[in-house]
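Undergrad: Would you mind keeping the following structure in view while I ask a few things?
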Amino acid sequence: MMMPSELFFPRCLQHLLVLLLKLSLSCSSPLKVTNGTACTARGPASYILVFTGQWSPQMFPKQYPLFRPPAQWSKLVAVTHNERYRLWHEGATASPGVQSFAELGVTVELVKGAKEGRKKRVVGSMYRTAGIPSGVGHSSTELVLQPRNPLLSLMVKVIPSPDWFVGADSLNLCENGQWKEEMTFDLHPYDAGTDSGFTFSSPNFPSIPPENITMITSQKPNHPANSFYYPRLPELPPLATIWLKKQPRLPIRQHNHRRRWTVRSRCGRPGGCVWGLVPEKECATVPATSC
Numbered sequence: 009m010m011m012p013s014e015l016f017f018p019r020c021l022q023h024l025l026v027l028l029l030k031l032s033l034s035c036s037s038p039l040k041v042t043n044g045t046a047c048t049a050r051g052p053a054s055y056i057l058v059f060t061g062q063w064s065p066q067m068f069p070k071q072y073p074l075f076r077p078p079a080q081w082s083k084l085v086a087v088t089h090n091e092r093y094r095l096w097h098e099g100a101t102a103s104p105g106v107q108s109f110a111e112l113g114v115t116v117e118l119v120k121g122a123k124e125g126r127k128k129r130v131v132g133s134m135y136r137t138a139g140i141p142s143g144v145g146h147s148s149t150e151l152v153l154q155p156r157n158p159l160l161s162l163m164v165k166v167i168p169s170p171d172w173f174v175g176a177d178s179l180n181l182c183e184n185g186q187w188k189e190e191m192t193f194d195l196h197p198y199d200a201g202t203d204s205g206f207t208f209s210s211p212n213f214p215s216i217p218p219e220n221i222t223m224i225t226s227q228k229p230n231h232p233a234n235s236f237y238y239p240r241l242p243e244l245p246p247l248a249t250i251w252l253k254k255q256p257r258l259p260i261r262q263h264n265h266r267r268r269w270t271v272r273s274r275c276g277r278p279g280g281c282v283w284g285l286v287p288e289k290e291c292a293t294v295p296a297t298s299c
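Below, the structure written as structure tokens:
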């Protein structure tokens, strides 16, 4: 004899309802980021990002570019995103955007990719800084991260080079439901795998077929002509670093104008003890030793 409930809800419909209930619960669960934990931070977070180039002739004397063009850095490109997006990834083939940026410093394709990512709700925002006209120097920008997009990826092209860059892939700024207060990350050179040149000033030599993105080390590539080949070093010193510092409150933007920041040393001299940031409008009245 059939129970009254079974008259209205046959077994097939009961299974369908259970399946729909499980699906709705999975869709409403918080996003899991790359370390397997959900970002449950309450609200967004603002960070100051400082890129510091450490590419000097003292640290990297081999074939150091002095002219046409001298050693320098391109603009920095940073993207906030979730685990379903990758700006670049070691061991993967470079996207057209990564190729054009690593070879030419052009951001058009990267911007297109980020815009498509925003439409798919896998990208939060894209940020850029000005380039640095020498191998040693600083650039900075202000970032805002949301709990649904807690990862940060970035790239800076090494100029001159065939297709080399430094960068970070999917840094997680949310841990145990809290935004990290401060973070420092060493950057090492990578080969985008789209040009087979060995030296900083190599002519254009496309890699056919393209190779995967790989880290350049003191031992690899092991060709004597390679500009970063230092066989006596166990590893290369960092070519650059990034420093991220959480701000006490979100930035206030008026008329879509972002505050500009100047990097100052608290010791008042280049390469000083502790680097800090001061809004440019305040720097005229704040001595360098107190920054």
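Residue numbering for the sequence shown follows my numbering, starting at 9 and increasing by one per position. Glycine included, C-beta positions come from ideal geometry on N, C-alpha and C. Bear in mind that the values here come from a model prediction, so they are computed numbers and not experimental data.
Assuming S131 and A122 make a contact with CB atoms under 8 Å, what is their CB distance in whole Å?
TA: Note that residue 131 is Val in the sequence shown here, rather than Ser. V131 to A122, Cβ: 5 Å. Contact.
Undergrad: Reducing DSSP to helix, strand and coil, say where K123 ends up.
TA: K123: helix per DSSP, three-state reduction.
Undergrad: On the premise that L252 lies in contact with S54, defined as a C-beta separation below 8 Å, what is that separation, rounded to the nearest angstrom?
TA: No, S54 and L252 are not in contact; Cβ-Cβ is about 11 Å, not under 8 Å.
Undergrad: Would the beta-carbon of L84 fall within 9 Å of that of M191?
TA: Contact flag unset, no.
Undergrad: Identify the continuous beta strand (DSSP E) that holds A86 and give its terminal residues.
TA: First-last of the beta strand (DSSP E) with A86: 80 to 89.
Undergrad: Please name the residue in V152, A176, V106, C47 whose C-alpha comes closest to that of P218.
TA: Per the Cα distances, V106.
Undergrad: Enumerate in chain order the residues of its own chain whose CB-to-CB distance from N343 is below 7 Å, with the five nearest sequence positions on each side excluded.
TA: This structure cannot speak to residue 343, because the chain is shown only from 9 to 299.
Undergrad: Quick one: Cα of R136 to Cα of L151, how far?
TA: R136 and L151: Cα-Cα distance of roughly 10 Å.
Undergrad: Quick check on the DSSP output: the alpha helix (DSSP H) that includes V131 runs from which residue to which?
TA: First-last for V131: 131 to 136, but that is the beta strand (DSSP E), not the alpha helix (DSSP H).
Undergrad: Using 8 Å as the threshold, is the stretch 201 to 216 in touch with the stretch 173 to 185, meaning 3 or more CB pairs across them?
TA: Not touching, per the Cβ criterion.
Undergrad: Which one or two residues does DSSP pair with Q62 in a beta bridge?
TA: The partner list for Q62 (beta bridge, DSSP) reads V144.
Undergrad: Helix or strand or just coil, what does DSSP make of P197?
TA: The answer is strand: DSSP assigns P197 an E or B state.
Undergrad: Taking only the alpha-carbon atoms, compute the straight-line gap between S226 and S103 and give it to the nearest angstrom.
TA: Their backbone Cα atoms lie some 26 Å apart in a straight line.
Undergrad: For the stretch 179 to 189 against the stretch 228 to 247, are there 3 or more C-beta pairs whose distance is under 8 Å?
TA: These segments do not touch.
Undergrad: Measure how close the beta-carbons of A79 and W63 come, nearest whole angstrom, since I'm counting them as under 8 Å.
TA: At roughly 6 Å, the Cβ-Cβ gap stays under 8 Å, so A79 and W63 are in contact.
Undergrad: Once you ignore the five residues that flank G145 on each side, which residues in its own chain have a CB closer than 6 Å to its CB?
TA: Hits under 6 Å: G61.
Undergrad: Closer than 8 Å to a non-hydrogen atom of the ligand FAD - does that hold for the CB of Y72?
TA: Annotation note on the ligand FAD: not contained in the displayed structure, which lists no ligands.
Undergrad: Going by beta carbon distance, what residues of the same chain come within less than 7 Å of Q255, once the five residues before and after it are set aside?
TA: Answer for Q255: S54, Y55, I56, listed in chain order.
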